[in-house]
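Enquirer:
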Amino acid sequence: MAIFLAGIMSGGCAYRPGNEVLIPVANIPASTDKVDVLVATTRERGSKDDPDEFTVERSKQLNFASLTVSIPPAHVTGEIEWPNGGPPDPALHFVTTRRTSLGEDGFIDELRQRGRRSTEQAGDVLVFIHGYNTRYEEAVYWLAQIVHDSGFKGTAVLFAWPSRGKAPLYLADREASTYSRDYFERALLKISKVPEVKEINILAHSMGNWLAVEGLRQAKMNGHGDFGGKLGEVILASPDLDANVFRTQLDVIGKLPRPMTVLVSGDDKALALSTWLAGDVERAGMITADDARAVAAAERYNLKVVDLTAVDDGKGNHHSKYSKSAPVIAAIGSKLKNPTASTTQVGVVTAVTNAGDTLLKVPASILPAANAAQ
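Once you know that position 221 of the sequence shown is 237 in my numbering, the rest is easy, because the numbers rise by one and skip nothing.
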């Protein structure tokens, strides 16, 4: 069973990095792109000899860090070019160029500095919540890849919860994500109080959606559901959420200022497995466009449900189409950059393949106007 779980949840990827990939590399070629990542985490810090490292243990406080990741010139959209156990080569691989521990004041200061830049999306923040079976270093690089491939120009913040990073430990990860929900709400509240931050966008994946939606639910109950008017896009990718529980969470959250985007896929093998683990209770991420429940939920809760079943991401478990399919990740980048149309459009849309190419046939709030069709 453990081997079966590992195969499904990893999508067939044999190599998994260790924390050695977070050791900064010097002499980075000027031709590489750089992505800065801020971190807020409920992971416990490592030993005094390596305070920049984070463990799988649960911290009783939020911890913070800042990193820079270099992207190789020949990077392929949707991929992370790992060193695969050998020495990292900036010309070929994702590598870390800077890693710094921060206190809360340092974290806030970095947010303020980035918000003051005279660049596109300077006041925008993208908070990414990773999923189950994810190591810290994987989450850092995953966010760097998402930011680079989507073209997001604002500030990237990783909310890293203490996943054990092992496929058989699904229940342990579930508890760890639940443990982190209060801290996630606090992190969003801290970010929202930074004057230079104009908009907070949320992108969650897999089990990270449980944490994200629970955090939003608690924020609504605590009287700051829109975080001072700064809550922007909320994108739930492959949500590993009990469909009935999701409905009750949405009953509390209510309609957000912008439609919440839910990316679903009927061929998601990881969610099929979690459905089985949950006693065949359906996951929200597998309720597709041809299901009347998706249409009803979209209308009732102001959702935009995007069905990615027909999109081929080239991966075995079809669980990460939002970051592995070039058209989908480009659509996410466009949505973050041009959100205005999404304030009114809700409903169920479908991503389809056409003439062998993967094209998204969705409203203009998802894709650039030139590529949109309904």
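We treat Cβ as the ideally placed atom computed from N, Cα and C, and that holds for glycine. On a predicted model such as this, the values are computed, not experimentally measured, just so you know.
For Met276, report the span of its alpha helix (DSSP H) as first-last.
Expert: As a working mapping, residue 276 is identified with position 260 in the sequence shown. Premise fails: Met276 lies in the beta strand (DSSP E), Met276 to Val280, not in any alpha helix (DSSP H).
Enquirer: Using only alpha-carbon positions, find the residue among Asp121, Leu289, Leu38 and Trp98 that is nearest to Phe80.
Expert: Along the sequence shown, read from residue 1 onward, the residue named residue 80 stands at position 64. Residue Asp121 holds the alpha-carbon nearest to the alpha-carbon of Phe80 among Asp121, Leu289, Leu38 and Trp98.
Enquirer: Checking 8 Å against the spacing of the C-beta atoms, do Ala176 and Ala155 come in under that value?
Expert: Walking along the sequence shown from the start, residue 176 turns up at place 160. Walking along the sequence shown from the start, residue 155 turns up at place 139. Against a cut-off of 8 Å, the Cβ pair of Ala155 and Ala176 comes out as a contact.
Enquirer: Do the stretch 165-181 and the stretch 98-110 meet, that is, are 3 or more Cβ pairs less than 8 Å apart?
Expert: no
Enquirer: Taking the C-alpha atoms as reference points, what is the distance between Val143 and Pro275?
Expert: Your numbering for residue 143 matches position 127 in the sequence shown. Your numbering for residue 275 matches position 259 in the sequence shown. Approximately 17 Å, taken between the alpha carbons.
Enquirer: Just curious, the alpha helix (DSSP H) that Ile345 is in, first and last residue?
Expert: Here residue 345 corresponds to residue number 329 of the sequence shown, with the count starting at 1. That run of the alpha helix (DSSP H) goes Ala342 to Lys353.
Enquirer: Going by CA-CA distance only, name the one from Gly248, Leu247 and Asp258 that's closest to Met302.
Expert: For the purposes of this step, residue 302 is taken as residue 286 along the sequence shown, with counting starting at 1. Cα-wise, what sits closest to Met302 is Asp258.
Enquirer: Does the distance from the C-beta atom of Val327 to that of Lys337 stay below 8 Å?
Expert: For the purposes of this step, residue 327 is taken as residue 311 along the sequence shown, with counting starting at 1. For the purposes of this step, residue 337 is taken as residue 321 along the sequence shown, with counting starting at 1. Cβ distance < 8 Å, so Val327 and Lys337 count as in contact.
Enquirer: Below 8 Å on the Cβ atoms is my contact criterion, and I expect Ala305 with Val364 to pass it. Report the Cβ-Cβ distance as a whole number of Å.
Expert: Indexing the sequence shown from 1 puts residue 305 at position 289. Indexing the sequence shown from 1 puts residue 364 at position 348. Between Val364 and Ala305 the Cβ distance is about 5 Å, and since that is below 8 Å, they are a contact.
Enquirer: Is it right to say Ser358 is buried, meaning 16 or more other beta carbons lie within 10 angstroms of its own, or is it exposed?
Expert: Position 342 of the sequence shown, counted from the start, is the residue given in the question as residue 358. Summary for Ser358: the model assigns pLDDT 49, below 50, so the residue's position carries little reliability; its value from the coordinates is reported in the next sentence. With 16 or more Cβ atoms within 10 Å of its Cβ, Ser358 is classed as buried.
Enquirer: Leaving out five residues on either side along the sequence, give the residues of the same chain with a beta carbon under 7 Å from the beta carbon of Ser341.
Expert: Taking the sequence shown and counting its residues from 1, one reaches residue 341 at position 325. The residues are Gly94, Val327, Asp329 and Thr374.
Enquirer: Consult DSSP for Arg299 and reduce its assignment to one of helix, strand or coil.
Expert: Here residue 299 is taken as the residue at index 283 of the sequence shown, counted from 1. Correct three-state label for Arg299: strand.
Enquirer: What first and last residue would you give for the alpha helix (DSSP H) that runs through Ala138?
Expert: To locate residue 138, count along the sequence shown from 1; it is residue 122. Segment: none, Ala138 is in no alpha helix (DSSP H) and carries neither H nor E.
Enquirer: Taking the C-alpha atoms as reference points, what is the distance between Asp267 and Gly139?
Expert: As a working note, residue 267 is residue 251 in the sequence shown. As a working note, residue 139 is residue 123 in the sequence shown. Between Asp267 and Gly139, the C-alpha separation is close to 30 Å.
Enquirer: What residues are listed by DSSP as bridge partners for Phe70?
Expert: The count along the sequence shown starts at 1 and reaches residue 70 at position 54. DSSP, once it has assigned bridges, lists Arg61 as partnering Phe70.
Enquirer: Is His240 helix, strand or coil when you go by DSSP?
Expert: As a working mapping, residue 240 is identified with position 224 in the sequence shown. The answer is coil: DSSP assigns His240 none of H, G, I, E or B.
Enquirer: Please return the same chain residues whose Cβ sits closer than 8 Å to the Cβ of Asp189, not counting the five positions on each side in sequence.
Expert: Here residue 189 is taken as the residue at index 173 of the sequence shown, counted from 1. Closer than 8 Å at Cβ, skipping near neighbours: Tyr148, Asn149, Ser179, Arg180 and Met223.
Enquirer: Taking one C-beta from the stretch 157-166 and one from the stretch 236-249 each time, how about it: are there three or more such pairs within less than 8 Å?
Expert: no
Enquirer: Between the beta-carbon of Thr277 and the beta-carbon of Leu252, is there less than 8 Å?
Expert: Taking the sequence shown and counting its residues from 1, the one referred to as residue 277 is at position 261. Taking the sequence shown and counting its residues from 1, the one referred to as residue 252 is at position 236. Yes. Within cutoff.
Enquirer: In whole angstroms, give me the CA-to-CA distance for Lys209 and Glu191.
Expert: Taking the sequence shown and counting its residues from 1, the one referred to as residue 209 is at position 193. Taking the sequence shown and counting its residues from 1, the one referred to as residue 191 is at position 175. Rounded to the nearest angstrom, the two C-alpha atoms are 29 Å apart.
Enquirer: Straight-line CA distance for Glu391 to Val72?
Expert: This structure does not reach residue 391, given that the chain is present from 17 up to 390, and the question cannot be answered.
Enquirer: Quick check: is any heavy atom of the ligand FMN less than 7 Å from the C-beta of Arg115?
Expert: With respect to the ligand FMN, the structure shown offers nothing to examine, as it has no ligands at all.
Enquirer: From Ser117 to Asn260, what does the alpha carbon distance come to, in whole angstroms?
Expert: Translated into positions along the sequence shown, residue 117 becomes position 101. Translated into positions along the sequence shown, residue 260 becomes position 244. Between Ser117 and Asn260, the C-alpha separation is close to 40 Å.
Enquirer: Between the alpha carbons of Ile127 and Pro273, how many angstroms are there, rounded?
Expert: Mapped onto the sequence shown, residue 127 falls at position 111. Mapped onto the sequence shown, residue 273 falls at position 257. Checking the sequence, you will find Leu at residue 127 rather than Ile. Answer to the nearest angstrom: the Cα atoms are 24 Å apart.
Enquirer: Given a cut-off of 8 Å on the beta-carbon distance, is the pair Val92 and Thr112 in contact?
Expert: The count along the sequence shown starts at 1 and reaches residue 92 at position 76. The count along the sequence shown starts at 1 and reaches residue 112 at position 96. No, the pair does not count as a contact, with Cβ atoms beyond the cut-off.
Enquirer: I'd like the span of the beta strand (DSSP E) that includes Leu289, first residue to last.
Expert: Here residue 289 refers to the residue found at position 273 of the sequence shown. Per DSSP, Leu289 belongs to no beta strand (DSSP E); it is in the alpha helix (DSSP H), Lys285 to Leu293.
Enquirer: I'd like the span of the beta strand (DSSP E) that includes Asn217, first residue to last.
Expert: Indexing the sequence shown from 1 puts residue 217 at position 201. That run of the beta strand (DSSP E) goes Glu215 to His221.
Enquirer: According to DSSP, is Ile145 helix, strand or coil?
Expert: Here residue 145 is taken as the residue at index 129 of the sequence shown, counted from 1. DSSP places Ile145 in strand when its eight states are reduced to three.
Enquirer: Can you list, in chain order, the residues of its chain whose CB lies under 8 Å from that of Arg59, leaving out five sequence neighbours each side?
Expert: Taking the first residue of the sequence shown as 1, we reach residue 59 at position 43. Within the same chain, Arg59 has close Cβ partners Phe70, Thr71, Val72, Glu73, Arg74, Ser75, Asn79, Tyr152, Ala176, Trp177 and Pro178.
Enquirer: Look at the alpha carbon of Leu219 and the alpha carbon of Trp98, and state the distance between them as a whole number of angstroms.
Expert: Residue mapping note: residue 219 aligns to position 203 of the sequence shown, counting from 1. Residue mapping note: residue 98 aligns to position 82 of the sequence shown, counting from 1. Each residue's alpha carbon lies about 23 Å from the other.
Enquirer: With H, G and I counted as helix, E and B as strand and the rest as coil, what does DSSP make of Asn43?
Expert: The residue you call residue 43 lines up with position 27 of the sequence shown. Note: Asn43 maps to coil in three-state DSSP.
Enquirer: Beta-carbon within less than 8 Å of Lys214's beta-carbon, same chain only, minus the 5 sequence neighbours each way: which residues are those?
Expert: Here residue 214 refers to the residue found at position 198 of the sequence shown. Gly131, Gly139, Asp140 and Lys246.
Enquirer: The beta strand (DSSP E) spanning Leu319 covers which residue range?
Expert: Position 303 of the sequence shown, counted from the first residue, corresponds to residue 319. Taken as a continuous stretch (DSSP letters only), the beta strand (DSSP E) holding Leu319 covers Leu319 to Asp323.
Enquirer: The alpha helix (DSSP H) with Ser208 in it runs from where to where?
Expert: Your numbering for residue 208 matches position 192 in the sequence shown. Where Ser208 is concerned, the enclosing alpha helix (DSSP H) stretches over Arg197 to Ser208.
Enquirer: Do you know how far the Cα of Ala312 is from the Cα of Val362?
Expert: On the sequence shown, position 346 is the one that residue 362 refers to. On the sequence shown, position 296 is the one that residue 312 refers to. When rounded, the distance between both Cα atoms is 11 Å.
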